[in-house]
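Peer 1:
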Amino acid sequence: MSVPLNTKRCFALVDCNNFYASCERLFRPDLKQRPVVVLSNNDGCIIARCALAKQLPIPMGAPFHQVKPLLKQHRVAVFSSNYALYGDLSSRVMQTLEQLAPKVEIYSIDEAFLELSGVESCQDLTDFGQHIRQTIQQQLGLPVCVGIAPSKTLAKLANYAAKKYPQFDGVLDLTDSHKRLHILARTPVQEVWGVGRKLAERLQAMNIDTALQLARACPEQIRKKFSVVLARTVNELNGIACLALDEVQEPKQQIISSRSFGQRVKEKSAMQQAITLYISRAAEKLRAQHSLARQLSVFIRSSRFDQKARFFGDQASLVLESPSSDSRVLQQAAMQLLDRIWRDGPSYAKAGVVLNDLCSVQGLQSSLFSPPPSERSQRLMATIDQLNQKHRGSVFIARQGRDGDWQMQQRFLSPAYTTRWDQLPEVY
DNA sequence: TCTGGGGTCCTAGGACCC
DNA sequence: TCTGGGGTCCTAGGACCC
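According to the numbering used here, the stretch in the first sequence is residues 71 to 498, in order.
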């Protein structure tokens, strides 16, 4: 009787390479030899670069206006972010992965953890990683890298190395402990999942510079000096899995909708329009996950980068009498909050709303103390959501208005190739 | 002129209580 | 005159992630 190779727990992290840039290039084969970058909302800064663009001195997060001349000089193709496109391609990638492995955790728009333990077709782990890579490439035309290891943190690290070192051909299996030590010793501690800039600084002050040095630190000491989270990371780096695969996506505990303005806002009426739009977006998300909010906040702020004017920012929040997901109820409450914090004078650069203390509609049906929203309200909101799903922006609260200078800039938006019939790409 | 948005989790410290 | 100590709960803020 043969014993399965992978009786022990084993994770793979599949991560799309330069996801947003790859998505844009998918429908523009003419850009194959040209560097491609994607901008953040409002065309603010660079948030994705293809491999060619990474060779240029354009750092991640660079403000667009600062690198504009350089982009022009190198004939870089620039795109505003197109989340309709990325979201749709993302879900296709995830569906493909779900066919390849029974247990998949969608970790972000471009990453998923897979549990490989017990995958029958998976005898050699590296071969299986290559199979994943080729399948996504063939079916969707998107490049991915695969990291394989006995813990999620190590799988992340394996993925980092698979991307960084070409000799691995996009797949690295770190279940072997010799190979693991070799890679850990060459990985800066800041590249470890869970170690950001601040922690890296503190660790370096203790002469912990590499992932291997962190792996060899005493978890108890780390827990005392730092936190339980970093102590867990130390264990994970040693191949002790402390983090499980989360297959079910829990409803969000907080919903935020906020934007920087295309142009500074000085008038209260424009701010009211913007807040009304944001609250509608947030309420839509709330209803999509069948939740209600008990608490909401509104914030407004000027620009932190403005040299001439003093920074101004404020926020206010309130608790609703009974939890709600009705756009009209939330909008009225948001307008009250705005009245409390609004000041004439500042040039506002950004505003947003936050919904907190969320609960599920079902959980509330039986509660005596907080009656659930009325049938009428629920039906109305469901109808609005349906209409807006078909045609975005067909039904909205009048206060929102149709257009405003404050709306975000998207000067380089690609068509919604995959989600709108009228924008399907034409092939000649 | 122009510097993103949306999340999670943990900890420290204050308020309050006995 | 003398001004405790321990526990819980909540919130704000920090750090991290993509």
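Cβ coordinates follow ideal geometry from the N, Cα and C atoms, glycine included.
Mapping the DSSP letters down to three states, classify residue 93 as helix, strand or coil.
Peer 2: Helix at residue 93.
Peer 1: How many whole angstroms separate the CB atoms of residue 376 and residue 411, which I take to be in contact at a CB cut-off of 8 Å?
Peer 2: So it is not a contact: roughly 19 Å between Cβ atoms.
Peer 1: From residue 423 to residue 219, what distance separates their C-alpha atoms?
Peer 2: The straight-line gap from Cα to Cα measures roughly 40 Å.
Peer 1: Go ahead and pull the three-state DSSP assignment for residue 222.
Peer 2: Note: residue 222 maps to helix in three-state DSSP.
Peer 1: Starting from the Cα of residue 472, find the closest Cα among 361, 449, 340, 392 and give me that residue.
Peer 2: If we check each option's Cα against that of residue 472, 340 comes out closest.
Peer 1: Would you call the CB atoms of residue 225 and residue 254 closer than 8 Å?
Peer 2: The answer is no: Cβ separation not under 8 Å.
Peer 1: Going by beta-carbon coordinates alone, are residue 211 and residue 96 separated by less than 8 Å?
Peer 2: Contact flag set, yes.
Peer 1: For a test of your reading of the model: does the CB of residue 417 fall under 7 Å from any non-hydrogen atom of the ligand SAM? Yes or no.
Peer 2: Among the components modelled here there is no ligand, and therefore nothing to report on the ligand SAM.
Peer 1: Jot down the residue ranges of each uninterrupted beta strand (DSSP E) in the segment 179-264, minimum 3 residues, whole runs only, in chain order.
Peer 2: DSSP runs (the beta strand (DSSP E)) wholly in the segment 179-264: 181-185, 214-219, 241-243.
Peer 1: Can you give the Cα-Cα distance for residue 309 and residue 303, rounded to whole angstroms?
Peer 2: So the two alpha carbons sit approximately 10 Å from each other.
Peer 1: Rounding to the nearest angstrom, what Cα-Cα distance links residue 453 and residue 259 in this structure?
Peer 2: Cα to Cα, the separation comes out at about 51 Å.
Peer 1: Please specify which runs of the alpha helix (DSSP H), each continuous and at least 4 residues long, are wholly inside the segment 338-369, giving them in chain order.
Peer 2: For the segment 338-369, whole alpha helix (DSSP H) runs of length 4 or above, ordered along the chain, are 338-358.
Peer 1: On the DSSP letters alone, give me the boundaries of the alpha helix (DSSP H) that residue 291 sits inside.
Peer 2: Element bounds for residue 291: 289-295.
Peer 1: Are the CB atoms of residue 99 and residue 120 nearer to each other than 8 Å?
Peer 2: No, the pair does not count as a contact, with Cβ atoms beyond the cut-off.
Peer 1: Taking the alpha-carbon positions, what's the residue 428 to residue 462 distance?
Peer 2: So the two alpha carbons sit approximately 25 Å from each other.
Peer 1: Between which two residues does the beta strand (DSSP E) containing residue 334 stretch?
Peer 2: Element bounds for residue 334: 325-335.
Peer 1: Report back the beta-carbon spacing between residue 83 and residue 229 to the nearest angstrom; my notes put them in contact at under 8 Å.
Peer 2: 5 Å between Cβ atoms; contact.
Peer 1: Answer with buried or exposed for residue 153, where buried requires no fewer than 16 other C-beta atoms within 10 angstroms of its C-beta.
Peer 2: Residue 153 is exposed by the Cβ-count criterion.
Peer 1: May I ask you to report which of helix, strand or coil DSSP gives residue 280?
Peer 2: The answer is strand: DSSP assigns residue 280 an E or B state.
Peer 1: What is the DSSP secondary structure of residue 84, counted as helix, strand or coil?
Peer 2: In the structure shown, residue 84 sits in a strand (DSSP, three-state: E or B).
Peer 1: On the DSSP bridge assignment, give the partners of residue 147 in chain order.
Peer 2: 106.
Peer 1: If I measure Cβ to Cβ from residue 250 and keep anything under 6 Å in the same chain, skipping five residues before and after, which residues do I get?
Peer 2: Excluding residues within five positions, the ones whose Cβ falls inside 6 Å are 244.
Peer 1: Between the beta-carbon of residue 388 and the beta-carbon of residue 403, is there less than 8 Å?
Peer 2: Result yes, Cβ atoms of residue 388 and residue 403 sit closer than 8 Å.
Peer 1: Tell me which residues share the same chain as residue 184 and place their Cβ nearer than 6 Å to its Cβ, disregarding the 5 neighbours each side in the sequence.
Peer 2: These residues qualify, in order along the chain: 82, 171, 174.
Peer 1: Give me the residue from 227, 397, 311, 293 with the minimum Cα distance to residue 517.
Peer 2: Residue numbering for the chain in the displayed model covers 71 to 498; residue 517 lies beyond these limits and cannot be assessed.
Peer 1: Please report the distance separating the alpha-carbon of residue 299 from that of residue 279.
Peer 2: In a straight line, the C-alpha of residue 299 is about 18 Å away from that of residue 279.
Peer 1: Should the segment 390-399 be regarded as contacting the segment 326-333, the criterion being three or more beta carbon pairs within less than 8 Å?
Peer 2: Flag = no, the segment 390-399 and the segment 326-333 do not touch.
Peer 1: Would you decide whether residue 137 is buried or exposed? Buried here means 16 or more other CB atoms lie within 10 Å of its CB.
Peer 2: By the 10 Å Cβ count, residue 137 comes out buried.
Peer 1: Would you report the Cα separation of residue 282 and residue 474, rounded to the nearest angstrom?
Peer 2: Approximately 53 Å between the Cα atoms of the pair.
Peer 1: Assign residue 270 to one of three DSSP states: helix, strand, or coil.
Peer 2: Residue 270 falls in the helix class under three-state DSSP.
Peer 1: Could you tell me which uninterrupted alpha helix (DSSP H) segments, each at least 4 residues in length, are contained entirely in the segment 410-458, listed from first to last along the chain?
Peer 2: Fully enclosed alpha helix (DSSP H) runs of 4 or longer: 431-435.
Peer 1: State yes or no: is the C-beta of residue 407 within less than 8 Å of the C-beta of residue 465?
Peer 2: For residue 407 and residue 465, no; Cβs fall outside 8 Å.
Peer 1: Applying the 10 Å Cβ sphere with the 16-neighbour rule, what's the burial state of residue 92?
Peer 2: Counting Cβ neighbours within 10 Å, residue 92 comes out buried, since at least 16 surround it.
Peer 1: Please return the same chain residues whose Cβ sits closer than 6 Å to the Cβ of residue 133, not counting the five positions on each side in sequence.
Peer 2: Excluding residues within five positions, the ones whose Cβ falls inside 6 Å are 115.
Peer 1: Is DSSP giving residue 118 helix, strand or coil here?
Peer 2: Looking at residue 118 - three-state DSSP - the assignment turns out to be strand.
Peer 1: Does DSSP put residue 78 in a helix, in a strand, or in coil?
Peer 2: Correct three-state label for residue 78: coil.
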